[in-house]
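Q: For the sequence shown, the residue numbers in this note's numbering are -15 to 231.
C-beta: ideal position from N, C-alpha, C; glycine also.
None of these values were measured; they are calculated from a predicted model.
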Amino acid sequence: MKVFKNINYGELEQQRLDLYIPDSENFTVFVFFHGGGLEGGDKSEIEIAVPYLVDRDIAVVSANYRLYPEAKYPESICDAAAAVAWAMENIHEYGKCDKFIVGGSSAGAYLSMMLCFDRRYLSAHNIDFSKIAGFIHNAGQPTCHFNVLRERGLDTRRVIVDESAPLYHIGVEKCYPPMLFIVSDNDMENRYEQTMLAISTLKHFGADSSKVQLKVMHGGHCEHVFALDDDSESVFGKLIHEFISRL
C-alpha cells in the first residue's frame, strides 16, 4: 500500500485529502467524507477500514472539508465536489482506476447525498456523472442538516425539506446510479425514519429497486464505522467491499 497524506485539492487549509493506493496496477476508487455534524471530525476516520479495502484493490481518497463555525452553507458541499473532481482528474498519476464510488458517514453522507441528488455541485466541475459507479450513504441526514438549521437560527430538531436537503432533489433526474444506504436500528433520533423516507421517495419516483440497497446495522449511530468483527476485520470495510463487488 502506498500512502499520500495532506494533498491539497484546493487553496485552503481545510481542503486536503489522503490517498491510500493498492500495490496493484488497477483498482477501484472510493472517495470518502467523514462525519462530525459539519462542525468536527477528520479524514482519518476511515483508517480502520483502509487495510481491508486496499487488500481488495480498492483505493481510498479521504477528504477534509470546511466546517462550522467558519464555514457556511453550502461551502462544505462545494468542497466535497471539488475533492471528487480532484480525484477524478488526478488519480491516473497513481494507477489505473476502473470505477469511482463516492460515500460518507453521518455529515459525510449528507454531503454524498447532496452530490448524488443535486448534480449542480459536480456539474460545476464538468464531471461526467456517468463515470460515478455508485454512492454509499452511511447514516446521513436527508432533510435540511441540523447545523444548516442552526446557521439559520432555527430549532435544530425541525424537519425541513428545501434545496439544502437531499430529499428535495430526489426525482429531478430520471435515473440514479446504484447506491447503498446504511443506518442503525438505534441511530440518532429520527435518522432511521428519515433514511426510510429517502428510500421510499426514490421508489416513488420509479428508481430501480435493484439499484437501491439498504443495510440496517445493530447499535448506535455509526458505531459500525469503528467496529471490528469476530475475525478482527473492519465491519464498515466489509460493507463497502460487498457493495462495490456487486457493481
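My assumption, with CB atoms under 8 Å, is that serine 96 sits in contact with alanine 123. Please give the rounded CB distance.
A: Position 112 of the sequence shown holds residue 96. Position 139 of the sequence shown holds residue 123. Actually they do not touch by this definition, with Cβ atoms about 11 Å apart.
Q: Counting beta carbon pairs with one atom in the region 107 to 118 and one in the region 57 to 74, are three or more of them shorter than 8 Å?
A: These segments touch.
Q: Can you find a CB in chain B that lies within less than 8 Å of the CB of alanine 43?
A: The displayed structure is made up of one protein chain only, and chain B is not part of it.
Q: Thinking just about the alpha-carbon of each residue, which of Leu181, Tyr78, Asp139, Ala149 is nearest to the one in arginine 102?
A: Working through the sequence shown from its first residue, we reach residue 102 at position 118. Residue identity check: residue 102 is aspartate in the sequence provided, not arginine. Checked all of Leu181, Tyr78, Asp139, Ala149; the closest Cα to aspartate 102 is Ala149.
Q: Helix or strand or just coil, what does DSSP make of lysine 83?
A: Position 99 of the sequence shown, counted from the first residue, corresponds to residue 83. It is a strand residue.
Q: What do you get for methionine -15, buried or exposed, if any count of 16 or more other CB atoms within 10 angstroms of its CB means buried?
A: On the sequence shown, position 1 is the one that residue -15 refers to. Exposed.
Q: Would threonine 127 and isoleucine 116 be called neighbours here (beta carbons separated by less than 8 Å)?
A: For the purposes of this step, residue 127 is taken as residue 143 along the sequence shown, with counting starting at 1. For the purposes of this step, residue 116 is taken as residue 132 along the sequence shown, with counting starting at 1. Taking 8 Å as the Cβ cut-off, threonine 127 and isoleucine 116 do not qualify as a contacting pair.
Q: Have a look at the DSSP bridge pairing and note the partners of threonine 12.
A: Position 28 of the sequence shown, counted from the first residue, corresponds to residue 12. In the DSSP output, where bridge partners are listed per residue, threonine 12 has Ile42, Lys83.
Q: Do the region 179 to 195 and the region 206 to 217 touch if we need at least three Cβ pairs shorter than 8 Å?
A: These segments do not touch.
Q: Going by Cα to Cα distance, which pick from Val132, Asp146, Glu23 is closest to glycine 140?
A: Locating residue 140 in the sequence shown gives position 156, counting from the first residue. It should be noted that the sequence gives threonine, not glycine, for residue 140. Here the closest residue by C-alpha is Val132.
Q: Just grab the DSSP bridge partners of valine 196 for me.
A: Here residue 196 is taken as the residue at index 212 of the sequence shown, counted from 1. Answer is Met163.
Q: Classify isoleucine 116 as helix, strand or coil using the three-state DSSP reduction.
A: By one-based count along the sequence shown, residue 116 stands at place 132. Of the three classes helix, strand and coil, the one that applies to isoleucine 116 here is strand, per DSSP.
Q: Got a sec? Which residues, its chain only, sit under 6 Å from cysteine 100 by beta carbon, not counting five neighbours each side?
A: The residue labelled residue 100 in the question sits at position 116 within the sequence shown. The answer, listed in chain order, is Phe119.
Q: Who pairs with arginine 0 in a beta bridge, going by DSSP?
A: Taking the first residue of the sequence shown as 1, we reach residue 0 at position 16. According to DSSP, which records beta bridges pairwise, arginine 0 is partnered with Asn(-8).
Q: For the alpha helix (DSSP H) that contains tyrosine 52, what are its first and last residues?
A: On the sequence shown, residue 52 is found 68 positions in, with the first residue counted as 1. Here tyrosine 52 belongs to no alpha helix (DSSP H), and DSSP marks it neither H nor E.
Q: Output the distance between the C-alpha atoms of serine 107 and alanine 69, rounded to the nearest integer angstrom.
A: Here residue 107 refers to the residue found at position 123 when the sequence shown is read from its first residue. Here residue 69 refers to the residue found at position 85 when the sequence shown is read from its first residue. When rounded, the distance between both Cα atoms is 10 Å.
Q: Is phenylalanine 17 helix, strand or coil by DSSP?
A: In the sequence shown, residue 17 corresponds to position 33, counting from 1. Of the three classes helix, strand and coil, the one that applies to phenylalanine 17 here is strand, per DSSP.
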